[in-house]
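Numbering of the sequence shown is given in UniProt numbering, commencing with residue 1 and proceeding in unit increments.
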Amino acid sequence: MSFRTTSTDYVEDVSPGSGALPPRAWYASSDAKSLSLNGTWRFRLSPTADAEDDSFAAQGYDAGDWAEVAVPGHWVLQGDGAFGAPIYTNHLYPFPVDPPRVPTENPTGDHLRVFDLPADWSDEWPALSERGAVLRFDGVESCARVWLNGTDIGEFKGSRLPHEFAVGHLLKPAGNVLAVRVHQWSAGSYLEDQDQWWLPGIFRDVTLLHRPAGSAADFFVHASYDHVEGLGTLRVDSDVDGRVTVPELDIDVATGEPVTVPVEPWTAETPRLYDGVLATSGERVPLRIGFRTVVLEDGLIKVNGRAVLFKGVNRHEWHPERGRALDLRTMREDVLLMKRHNLNAVRTSHYPPHPAFLDLCDEYGLWVIDECDLETHGFTEQGWRNNPVDDDRWTPALLDRAARMVERDKNHPSVVMWSLGNEAGTGRGLTAMAEWIRGRDSSRLVHYEGDWNCRDTDVYSRMYADHAEVERIGRGLDGGTHKRRHLPFIQCEYGHAMGNGPGGLADYQRIFEAHERLQGGFVWEWIDHGIKHPELGYAYGGDFGEELHDGNFVCDGLIFPDRTPSPGLVEYKKVIEPVRIEGDGADGTVRVTNAYDFADLSALAFAWAYQADGETVGTGALRVPALAPGESAEVKLPEPPETGRSGQTLWTVRALLAEETAWGPKDHVVAWAQLPVGERQPVSVTASATPVPGEGLITLGPAAFDARTGALRSLGDVGVTGLRLDVWRAPTDNDDGASWQDDTRWGVLWRTHGLHRMRHRLDAVERDGDALTVRTRVAPAAREVGLRTVYRWTSDGTRLRLTVSVTPEGDWTVPLPRLGIRFGLARADRVEWYGGGPGEAYPDTRSASVLGRWESSVDELQTPYVRPQENGARADVRWARLGGLRIEGDPEFWFSARRWTTEQLDAARHLTDLTPGDTVWVNLDHGQQGIGSQSCGPGPLPRYFLRAEPAEFSFVFSPDA
Ligand code: GAL
């Protein structure tokens with residue numbers, strides 16, 4: 001066989017490819033053999049598509065001096081930098097926009113793998129027909145050409161979609177040479193402009209599948225549910241005739257024949273699957289059948305006759321070391337985390353996931369919006385001119401993508417909507433996709449956010465609409481086309497979980513639940529796409545020297561790159577909990593409401609606990625009827641235990657898993673509420689000591705102050721430094737907002753107003769009777785606004801009370817980041833507090849804060865946002881103990897402590913920039929500004945603004961025994 005320099009025209013060809021088999025369902029056969037070709041492959045990287053000829057594909061080629069890569073994998077994440085680097089852009093194409101042309105610099109990875117057929121296959125080979133064996137690629141970015149044993153078998157694009165080739169006639173028992181040339185850039189890249197890392201490679205499985213004579217190529221399981229009669233109807237269409245059996249339902253019918261029997265339906269809450277078998281003369285295929293019917297009815301998305309409320313999340317595939325090459329364990333971890341945090345839905349943003357993920361969604365129960373691998377967002381830069389979705393030349397590629405998604409995933413009960421793609425503008429190509437999808441599968445709805453007129457869709461979908469607009473939509477006051485006005489609404493993206501936040505989820509949820517038309521939403525997004533990095537901890541955009549990048553916009557998930565839940569996920573879990581527990585602790589009853597759409601409460605047990613001053617003084621079980629969805633009951637609480645104390649008392653009522661389930665252990669907390677009974681006594685300190693001047697110091701009870709500045713120096717034997725008013729916090733991503741946002745980007749305005757460089761002018765240190773009073777004015781350089789601040793110290797001889805009075809001066813047009821005091825302690829490690837915990841909370845992210853007694857190290861108080869920023873505040877703190885001090889607040893305060901200053905936190909780009917100093921910096925805040933979602937959405941609601949207003953707050957310090 002002779003080799004020539006391969007033409008690379010296919011790389012820039014708008015067509016989806018050539019040589020591949022028609023798309024079909026993805027499944028694992030019971031008896032047909034398969035051979036995984038995952039593993040170590042030989043690898044050679046070239047700088048251009050045509051730098052090397054195709055002689056490497058020949059049998060006998062010696063690739064002994066090539067490098068190696070793991071398949072599945074992305075080459076840029078392997079080879080310690082020798083194979084190039086990842087690039088992160090949100091929507092900008094990292095190459096000139098000149099479709100379908102791509103740059104000459106087109107990193108091209110030649111992959112080579114030699115394999116033998118397993119011994120037990122040899123009966124069949126080499127006598128196989130062409131279709132007797134299929135070579136399947138589940139995902140290759142972005143374009144591949146494939147040779148088997150020296151024969152060019154085709155090329156393809158469509159990175160997150162499967163491609164199969166008939167290769168039976170080319171196989172031999174031993175020494176098969178599989179050669180795959182992968183180009184980073186191709187015409188397909190124009191269709192794959194999702195907000196994520198550009199990561200070339202064979203990143204999903206490569207498998208050789210035996211296709212025995214008489215086996216089906218494709219089959220379609222139709223399993224609907226009639227909720228009125230309680231009957232399921234099953235029909236399995238197959239291109240090869242066979243029989244379908246479902247032993248549990250006594251079903252044994254021919255393919256193509258419908259059968260109706262009583263069944264339990266499948267829902268995300270009750271994921272009832274029936275095991276069946278499709279048997280053709282050549283093969284047995286296991287089926288996992290879920291009966292459910294999805295319809296658009298009365299302007300609502302209904303499953304099995306009931307409207308559903310999506311409590312969803314957008315999931316990109318991500319692993320901090322392997323990128324989008326995910327193993328089954330990681331996929332299952334995602335699903336279990338979602339289920340344990342009360343999520344009921346996933347949008348597979350923005351491409352079909354690894355097929356095994358959908359098996360898990362079927363099994364554990366999640367509603368899925370399966371999204372096509374399509375985004376052309378970068379065309380927005382040119383007013384959408386030349387957008388491929390509005391250019392007929394590209395329509396075959398779009399239809400190919402739609403078909404590969406639908407055919408692959410059509411047998412999953414979890415998939416309830418097909419999404420045409422994301423942020424691709426509007427155009428004829430999208431309409432063609434929608435029409436094709438409806439023709440092929442009328443049993444699901446069609447979603448696409450980019451067309452607000454809903455021309456092609458069954459649901460009105462938006463992203464990042466603010467609360468007020470969502471409310472208007474809920475009330476039907478949003479106008480729009482005739483069609484749109486009759487459609488249900490979802491937010492396919494909201495709550496931008498970048499860094500600290502998102503704020504405002506509870507307010508959205510209240511609105512969703514108040515209006516039938518609003519069927520919930522999907523928080524953006526599941527996981528931070530940080531890349532594990534030896535020096536930086538986790539890398540983000542720009543860390544690989546990209547000339548064009550979008551920084552840490554790629555780290556905007558509810559879980560950190562290592563899959564630790566961030567406070568945003570804990571908050572979301574609480575906000576969407578499927579049981580509402582409400583009431584007035586004092587009257588001894590609690591109202592329990594089942595907020596599931598389908599499940600009754602029989603899987604849950606309820607427990608009460610009674611707390612006095614943060615200590616649990618009694619616990620017990622609470623009997624709650626197995627309420628049906630939507631039902632409520634008033635449940636009597638027991639007599640409160642005698643506490644013998646006058647402190648704060650409250651009930652905590654929890655809904656727990658009664659037994660271990662597939663996704664959670666027995667006693668896993670599903671929902672909870674705290675109901676206050678008695679209030680805390682305010683702290684009182686009778687001012688009996690008087691300030692005594694001494695050698696450069698003034699003493700007052702246990703405290704010593706600098707006589708000249710009035711600064712607190714020590715309390716007992718605890719040294720205190722730098723105690724003063726503080727208004728600055730290291731802006732969060734949501735404070736800073738995104739560059740395209742409006743003029744309420746507080747993080748930016750705060751800097752313009754100089755709030756990060758406040759000056760403290762000392763006006764007076766006064767001793768008047770029992771009190772030491774320090775008068776100051778705190779104000780930013782270059783501005784006329786300021787805060788008159790008076791510190792008034794009194795003592796009863798053992799305790800020290802500080803009252804801070806703040807009076808704003810001038811025209812304050814921005815809210816304050818925070819308002820409180822900060823100071824340094826020389827040594828502090830353990831912290832104990834009575835207040836909200838265990839995690840951080842801010843005014844609009846505080847739903848999950850549990851009142852109780854908590855303990856932590858200073859280090860554990862920090863929330864490790866990939867880009868350092870304000871974090872770790874604990875809400876509603878009554879008292880805290882650390883570093884030899886006990887601090888009590890009047891009223892409650894926000895508490896934080898860290899081993900670096902706010903200024904250092906603000907300056908850091910990565911967590912590794914933060915080095916602990918000797919001092920622990922403590923902030924006791926009277927107020928914090930809300931968090932909001934402005935890194936890609938609305939800022940905090942005005943009710944969470946910390947306005948510059950007159951304020952007074954006190955703390956009582958005492959040496960801690
Ligand atoms: C949306 C987009 C997502 C992501 C998000 C911001 O516009 O659909 O892919 O970019 O914004 O993180």
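Note that beta-carbon positions come from the ideal geometry of N, C-alpha and C, so glycine has one too.
Distance cutoff 9 Å, beta carbons only. Does residue i sit that close to anything in chain D?
i	result
residue 203	The chain inventory of the structure shown lacks chain D, comprising one protein chain alone.
Relative to the C-alpha of residue i, which residue among the options is closest?
i	options	result
residue 779	331, 673, 702 and 750	750
residue 760	733, 736, 731 and 727	727
residue 322	506, 167, 210 and 561	561
residue 608	602, 618 and 601	618
residue 794	442, 701 and 348	701
residue 281	275, 304, 254 and 288	254
residue 595	627, 636, 160 and 355	627
residue 206	197, 162, 247 and 393	162
residue 917	905, 927 and 945	905
residue 372	379, 392 and 399	399
Please confirm whether any heavy atom of ligand 1 lies closer than 8 Å to the CB of residue i.
i	result
residue 165	no
residue 350	yes
residue 936	yes
residue 525	yes
residue 91	yes
residue 1000	Because the chain here runs from 1 to 961, residue 1000 falls outside it and cannot be looked at.
residue 169	no
residue 535	no
residue 910	no
residue 195	yes
residue 391	no
residue 500	no
residue 493	yes
residue 464	yes
residue 422	yes
To which residues of the same chain is residue i closer than 7 Å at the C-beta, ignoring the five residues directly before and after it?
i	result
residue 311	342, 343, 344, 345, 520 and 576
residue 273	266, 288, 289, 290, 362 and 363
residue 915	none
residue 37	113, 115, 178, 206, 207 and 208
Only counting the same chain, and skipping five residues up and downstream in sequence, which positions put a Cβ closer than 8 Å to that of residue i?
i	result
residue 2	Because residue 2 carries a pLDDT of 40, less than 50, the predicted location of this residue cannot be relied on, and no value is offered for it.
residue 13	100 and 187
residue 461	447, 448, 449, 489, 490, 491 and 492
residue 862	871, 872 and 898
residue 4	For residue 4, the predicted structure reports a pLDDT of 43, less than 50, and the residue's modelled location is therefore unreliable. The matter cannot be settled from this model.
Can you name the residues that DSSP bridges to residue i?
i	result
residue 89	196
residue 533	537
residue 758	780
residue 791	774 and 804
residue 815	BP columns for residue 815 are empty, so no partner.
residue 357	Bridge partners of residue 357: none, in fact.
residue 271	266
residue 896	923
residue 674	652
Give every residue of the same chain whose Cβ lies closer than 6 Å to the Cβ of residue i, excluding the five residues on either side of it in the sequence, and list them in chain order.
i	result
residue 574	847 and 848
residue 882	828 and 831
residue 107	84 and 184
residue 306	597
residue 634	589 and 591
residue 44	66 and 110
Discussion item. Across the stretch 735-751 and the stretch 834-841, are there enough close Cβ pairs to call them in contact, namely three or more that are closer than 8 Å?
Written reply: no
Fill in: At least 3 beta-carbon pairs within less than 8 Å: the stretch 141-157 vs the stretch 210-230
no
Worksheet item: Does the pairing of the stretch 477-487 with the stretch 905-912 give three or more beta-carbon distances under 8 Å?
Response: no
Worksheet item: Touching or not, the stretch 946-960 and the stretch 798-808, by the rule of three or more beta carbon pairs under 8 Å?
Response: yes
Worksheet item: Given 8 Å as the limit, is there contact between the stretch 933-941 and the stretch 502-519, that is, 3 or more CB pairs closer than that?
Response: yes
Discussion item. If contact is defined by three or more beta carbon pairs under 8 Å, each pair taking one atom from either stretch, is the stretch 657-665 in contact with the stretch 630-649?
Written reply: no
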